[in-house]
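Right, one structure below, let's go through it.
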Amino acid sequence: MLGQILLVILIILAWIGVRSLLQQRLDRAQQEGDTGASEDGHLEEMVRCAHCRVFLPRGQAYPGDGGYYCSAEHRRLGPGRSEQGRPPPR
Ligand SMILES: [Zn+2]
């Protein structure tokens, strides 16, 4: 009888220990995930392709002469018709 009670207590203690360990691991993972998400989730600076004027995140832009470009092709072509050079809409 006493052995059974001790066994139950041991099982409960083991269960609590395993749960707290899992909880700690979950919390740590969530914290790491949160920091990672906040790093990924923060708004990246947008730049404009100097050739076709399209906006894109700076991380995906190709830096080149005259600014950023949306692709290696546009970087090769160089700055497109600039807004000063473009004739007014009417
Ligand atoms: Zn472009």
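Numbers 112 to 201, taken from my numbering, label the letters of the sequence shown in order. Here a beta-carbon is modelled for each residue, glycine too, at the ideal position from N, C-alpha and C. Fair warning: this is a prediction, and the values are worked out from it, not measured in the lab.
Near ligand 1: residue i beta-carbon under 7 Å from a heavy atom
i    : result
S182 : yes
V165 : yes
Residue i burial status per 10 Å Cβ neighbour count (16 or more: buried)
i    : result
V158 : buried
A172 : buried
7 Å CB neighbourhood of residue i in its chain, flanking five on each side removed
i    : result
C160 : L167, Y179, Y180, C181, H185
8 Å CB neighbourhood of residue i in its chain, flanking five on each side removed
i    : result
G175 : A161, R186, G189
L118 : none
According to DSSP, residues forming a beta bridge with residue i
i    : result
R159 : F166
G175 : G178
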